[in-house]
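What follows is a set of notes on a single structure, which appears directly below.
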Amino acid sequence: MKNLLAALLVTFSMSLIAQNQGKVPSVDVKTMDYETFNTSKISNNGKPVVINFWATWCSPCKRELNNIAYMYEDWVEETGVKIIAVSIDDARNMGKVAPYVNGKSWEYDILLDPNGDLKRAMGVNNVPHTFLVDGNGDIVWQHNSYSEGDEYELYELIKKLSAGESISK
Amino acid sequence: MKINLINLLTSAVLLSSSAIQAQDIKDVLNKGKITGNFQIEAQYYQEDTLIGAEQPNEQVLSNGFLNLIYSNGGFSAGVRYESYQNALLGYPTGYKGSGIPYRFASYTSEDLSVTVGNFYEQFGNGLVLRAYEERGLGYDNAIDGIRVKYKVKNGIEFTGLIGQQRIFFDKGEGIVRAFNATINLNETFEQLAEAKTKISFGGSVVSKYQEDDNPDFILPENVPAFSARTIISRGKFNINAEYAFKANDPNTDNGFNYKNGEAAFIQATYSRKGLGISLSAKRVDNFSFRSERTAGEQDLFINYQPALTKQHTYNLLATLYPYATQPNGETALQGDVIYNFKKGSVLGGKYGTGIQLNAAFAFDIDKDSLDPTADVQRNLYSSNYFETGQRFFRDLNIQINKKLTKDFKLILTYSNLLYNQAVIEGKPPETPIIKAHIGVVEGTYKFNMRNSLRFEAQVLKTKQDQGDWATGLLEYSYSPHWFVAALGQYNYDNPKADEVLYYNISGGYNNHGNRISLSYGRQRAGIFCVGGVCRVVPASNGLYLSITSSF
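First to last, the protein sequences are chains A and B.
If you read the first sequence in numbering that gives the first Met the number 0, its first letter stands for residue 0, the second for the next number, and so on.
If you read the second sequence in numbering that gives the first Met the number 0, its first letter stands for residue 0, the second for the next number, and so on.
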């Protein structure tokens with residue numbers, strides 16, 4: 000048991016050296032065409048990226064993404080932000096993601112994480128869970144769950160990042 | 000053993016670091032990061048004879064876990080500590096005490112990726128192999144062993160793995176060996192890179208070994224399963240098909256039937272802006288595949304068979320009569336249409352109108368019983384591929400989404416259900432099939448940017464089982480941190496028992512990756528499902544606390 004504690008301590012001290020959440024982990028997920036995509040390639044020409052974990056069976060997730068969809072065009076125009084909606088639907092519902100996304104006319108980039116590999120790598124407990132990634136590719140903010148109006152807070156942060164300001168955690 | 004592995008890993012990291020200059024070590028460590036998450040759920044239980052809620056001897060029960068993942072470049076390692084003091088009611092009772100049932104180390108270098116320890120994996124749609132976790136259900140069939148992935152060239156990938164599956168704080172007796180190959184033609188062949196039609200193929204072999212110690216039967220110790228699949232897409236169309244075959248695998252689930260098993264799944268979708276259509280079908284025959292023959296409940300499944308039904312979210316729709324896949328045999332069909340009436344059109348109005356239709360059907364497969372003593376093969380039945388047996392489930396539902404004003408949105412849902420309780424819940428055969436109508440109205444009113452009120456009104460009407468139900472929910476949220484909610488659920492026309500009111504109030508706070516919520520009240524006995532895997536949760540009354548955190 001002592002050894003275990005020592006091991007955990009070492010791990011923790013390493014975590015102290017690593018100040019923030021760091022970069023998006025490198026995990027193979029799928030695109031909507033079922034092609035493999037490695038998440039370390041997520042980038043947006045120095046502009047912020049939002050990574051939002053959702054599922055077709057999660058109603059707050061859909062409320063959030065549908066609410067943002069009304070404003071997404073303006074968000075992109077004003078800040079250059081890109082939203083990547085990562086569906087954690089498994090084989091049961093994975094095939095329904097594209098019909099849903101297109102049926103709702105969402106303009107987001109969509110990734111599929113059917114066995115929760117990215118979800119696990121990013122420490123997500125439950126959906127919806129939103130990460131904000133700055134222009135350097137560093138994860139600078141996260142938020143779990145969704146209430147009506149949360150999108151305004153998110154957008155304020157996106158605007159700050161887009162203007163080159165840092166956001167305090 | 001666990002401790003030794005972690006020590007080994009830690010020393011390996013440190014040793015490999017010490018070979019480099021001190022300055023470099025700092026650089027290397029600077030690149031490393033720890034992520035993870037934490038959850039604790041605890042409940043204080045009160046006795047409530049009216050709803051049949053008991054107080055366990057412990058009075059308070061709790062589940063908790065902490066995940067830590069360290070990653071640095073291509074290297075990563077992680078552990079999960081879990082603690083059940085004792086497990087919450089409704090959780091599998093095998094979860095007792097604390098420990099580290101999950102630890103792994105992996106590295107990826109160029110085209111090769113190696114993982115040792117515990118890992119999760121899915122081949123294709125999971126028909127022959129899926130190791131995954133649903134913490135909310137207490138489901139975790141992670142494999143403990145070794146996995147190697149190799150990218151031969153662009154678009155071609157091989158995966159091989161060997162190990163034993165997790166069962167609570169222990170491992171199943173069976174050994175799982177599996178190999179998977181996938182090829183994406185468009186990524187592999189340059190001349191197809193720009194082709195409109197995208198094609199990929201995959202194939203798997205999964206075999207399990209378990210010693211035969213049965214005095215009555217001669218059992219196969221090695222049971223192989225195979226699957227072949229393809230995904231073809233062209234523009235707005237997509238087809239995903241998989242066929243799987245399993246050699247004879249007599250086990251408790253199938254009554255020690257020596258018949259071969261098979262499973263087939265096909266899904267076709269069409270989607271464009273404003274319209275999505277999906278059609279899927281599957282047939283499963285004797286396809287329960289577990290790494291221990293006598294495992295029951297949700298234990299030690301090697302494969303995954305999704306239920307082809309809509310995954311509902313409203314309380315009465317989701318937790319009273321949800322369908323769960325019948326791995327011994329089922330034929331299922333499902334169709335979905337999603338359509339958006341454009342803004343400004345007659346039906347679209349100012350903001351557009353969304354409509355979703357879903358129809359799902361599940362039947363038993365055709366089964367003609369055979370006399371096991373007369374058949375040397377000991378096949379218990381034969382089945383005609385294109386006939387079906389009794390009805391298991393039907394759900395016809397429609398949902399309309401309408402934003403009425405800038406601040407008010409409405410969602411209307413209606414569902415017509417047919418639910419074969421005898422089969423799905425394993426009740427006596429004379430238990431009547433439940434026919435139910437369910438209607439839900441959900442509205443959200445936004446007072447301003449921060450304050451909003453959401454309500455749900457749900458009604459379920461049925462003449463069978465516990466009769467009619469009505470549910471009302473009010474949820475007030477103060478974005479981005481606070482919410483409070485009140486739920487009332489009334490079983491107002493129960494032919495077998497007194498009318499009962501279930502009430503529950505809850506509140507919560509969340510900030511960044513942290514969330515705390517507290518609730519008090521009565522919880523109806525129900526079936527809690529994630530992804531078509533369900534567990535039965537008993538009625539309870541008490542105070543519930545949940546804290547989750549991601550970092």
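Just so it is clear, CB atoms sit at the ideal spot from N, CA and C, and this is done for glycine as well.
| query | Whose Cβ in chain B lies nearer than 7 Å to the Cβ of aspartate 32 of chain A? | reply | Those are Lys197 and Ser232, listed as they occur along chain B.
| If valine 28 of chain A and leucine 131 of chain A are in contact, beta carbons under 8 Å, what's the gap, nearest whole angstrom? | That pair is no contact at about 19 Å.
| Taking the alpha-carbon positions, what's the alanine 469 of chain B to phenylalanine 236 of chain B distance? | The alpha-carbon of alanine 469 of chain B is positioned some 41 Å away from that of phenylalanine 236 of chain B.
| task | Give the single residue among B:Arg453, B:Ala435 and B:Lys434 whose Cα lies nearest to the Cα of threonine 443 of chain B. | result | Nearest of B:Arg453, B:Ala435 and B:Lys434 to threonine 443 of chain B, Cα basis: B:Arg453.
| Candidates B:Glu40, B:Ile50 and B:Thr114: which alpha carbon is nearest glutamine 81 of chain B's? | The question names glutamine, yet the displayed sequence has glutamate at residue 81 of chain B. Residue B:Glu40 is the option with its Cα nearest to glutamate 81 of chain B.
| query | Enumerated in chain order, which unbroken segments of the beta strand (DSSP E) with a length of 3 residues or greater are wholly contained in the segment 343-411 of chain B? | reply | Correct list: 352-364 and 387-402.
| task | Assign alanine 469 of chain B to one of three DSSP states: helix, strand, or coil. | result | In this structure, alanine 469 of chain B counts as strand in the three-state DSSP scheme.
| Is isoleucine 157 of chain A helix, strand or coil by DSSP? | Collapsing the DSSP output to three states places isoleucine 157 of chain A in a helix.
| request: Please list the segments of the alpha helix (DSSP H) lying wholly inside the segment 275-350 of chain B, counting only runs of 4 or more residues, in order along the chain. | output: Unbroken alpha helix (DSSP H) runs of no fewer than 4 residues, entirely contained in the segment 275-350 of chain B, are found at 314-318, following chain order.
| request: Taking only the alpha-carbon atoms, compute the straight-line gap between isoleucine 50 of chain A and lysine 118 of chain A and give it to the nearest angstrom. | output: The straight-line gap separating the alpha-carbon atoms of isoleucine 50 of chain A and lysine 118 of chain A is approximately 11 Å.
| query | For valine 345 of chain B, is the classification buried or exposed, using 16 other Cβ atoms within 10 angstroms of its Cβ as the cut-off for buried? | reply | Counting Cβ neighbours within 10 Å, valine 345 of chain B comes out exposed, since fewer than 16 surround it.
| Buried or exposed: tyrosine 107 of chain A, going by 16 or more other Cβ atoms within 10 Å of its Cβ? | Classification for tyrosine 107 of chain A: buried.
| request: For the segment 268-283 of chain B and the segment 140-154 of chain B, state whether three or more C-beta atom pairs, one from each stretch, are separated by less than 8 Å. | output: With a cut-off of 8 Å, the segment 140-154 of chain B and the segment 268-283 of chain B do not count as touching, because too few Cβ pairs lie within range.
| said: Please list, in chain order, the residues of the segment 501-516 of chain B that have any C-beta partner in chain A closer than 7 Å. | reply: Of all residues in the segment 501-516 of chain B, Asn509, His511, Gly512 and Arg514 have a Cβ within less than 7 Å of some Cβ in chain A.
| task | Specify whether the segment 107-119 of chain B and the segment 68-75 of chain A touch according to this definition: at least 3 beta carbon pairs, one from each stretch, less than 8 Å apart. | result | Between the segment 107-119 of chain B and the segment 68-75 of chain A there are fewer than three C-beta pairs closer than 8 Å, too few to call the two in contact.
| task | Could you tell me the distance, in whole angstroms, from the CA atom of alanine 17 of chain A to the CA atom of tyrosine 69 of chain B? | result | Confidence at alanine 17 of chain A is low in this model, with a pLDDT of 39, below 50, so its placement is unreliable and no value can be given for it.
| Min CB distance lysine 405 of chain B to chain C below 8 Å | Of the protein chains in the structure, A and B, none is chain C.
| Which residues, taken in chain order from the segment 144-162 of chain A, show a beta carbon closer than 7 Å to some beta carbon of chain B? | Taking a C-beta cut-off of 7 Å against chain B, the contacting residues of the segment 144-162 of chain A are Ser144, Ser146, Glu147, Gly148, Asp149, Tyr151 and Glu152, listed in chain order.
| query | At least one CB of chain A closer than 8 Å to the CB of threonine 547 of chain B: is that the case? | reply | Output row for threonine 547 of chain B: interface = yes.
| field | Environment of serine 264 of chain B [buried if 16+ CB atoms lie within 10 Å] | value | According to the sequence displayed, residue 264 of chain B carries phenylalanine and not serine. Burial call: buried.
| request: Tell me, please, whether the CB atom of lysine 103 of chain A is closer than 8 Å to any CB atom in chain B? | output: True, the Cβ-Cβ gap to chain B drops below 8 Å.
| query | What separation, rounded to the nearest whole angstrom, lies between the Cα atoms of tyrosine 99 of chain A and lysine 342 of chain B? | reply | One C-alpha to the other measures close to 18 Å.
| query | So the alpha helix (DSSP H) threonine 78 of chain A belongs to, where does it begin and stop? | reply | Note, threonine 78 of chain A: alpha helix (DSSP H), 58-78.
| said: Using C-beta distances below 6 Å, list every residue in its chain close to valine 26 of chain A, excluding the 5 sequence neighbours before and after it, in chain order. | reply: Thr38, Asp116, Leu117 and Ala120, listed in sequence order.
| request: Could you tell me whether the Cβ atoms of tyrosine 413 of chain B and isoleucine 432 of chain B are closer together than 8 Å? | output: For tyrosine 413 of chain B and isoleucine 432 of chain B, no; Cβs fall outside 8 Å.
| message | I'd like to know if glycine 94 of chain A contacts chain B, where contact means its C-beta is closer than 8 Å to some C-beta of that chain. | response | With its beta carbon less than 8 Å from one in chain B, glycine 94 of chain A belongs to the interface.
| Where does serine 165 of chain A sit, in a helix, a strand or coil, going by DSSP? | Three-state result, serine 165 of chain A: coil.
| request: Closer than 7 Å by beta-carbon distance: list the chain B residues that pair up with asparagine 124 of chain A, in chain order. | output: Within chain B, the residues near asparagine 124 of chain A are Asn36, Gln38, Thr547 and Ser549.
| query | Taking C-beta to C-beta, are asparagine 124 of chain B and alanine 141 of chain B nearer than 8 Å? | reply | At a Cβ-Cβ threshold of 8 Å, asparagine 124 of chain B and alanine 141 of chain B do not count as neighbours.
| said: Less than 6 Å between C-beta atoms, sequence neighbours within five positions excluded: which residues of the same chain meet that for glycine 51 of chain B? | reply: Only Ala538 meet the Cβ criterion.
| query | Nearest chain A C-beta to isoleucine 437 of chain B closer than 8 Å, yes or no? | reply | Cβ-Cβ to chain A under 8 Å: no for isoleucine 437 of chain B.
| said: Can you check which of these residues, B:Ser549, B:Ile526, B:Phe482 and B:Val336, is closest to leucine 517 of chain B by C-alpha distance? | reply: Ranking the options by Cα distance to leucine 517 of chain B, first place goes to B:Phe482.
| task | Starting from valine 100 of chain A, trace the alpha helix (DSSP H) both ways and give me its first and last residue. | result | That run of the alpha helix (DSSP H) goes 96-102.
| message | Let's see if you can read the secondary structure: which residues bound the beta strand (DSSP E) around isoleucine 238 of chain B? | response | Annotation for isoleucine 238 of chain B: the continuous beta strand (DSSP E) segment containing it runs 236-245.
| field | Chain-ordered chain A contacts of glycine 273 of chain B [CB-CB under 9 Å] | value | Those within 9 Å of glycine 273 of chain B in chain A are Asn101, Gly102, Lys103 and Ser104.
| Spatial distance of glutamate 261 of chain B from cysteine 533 of chain B (CA atoms) | In a straight line, the C-alpha of glutamate 261 of chain B is about 23 Å away from that of cysteine 533 of chain B.
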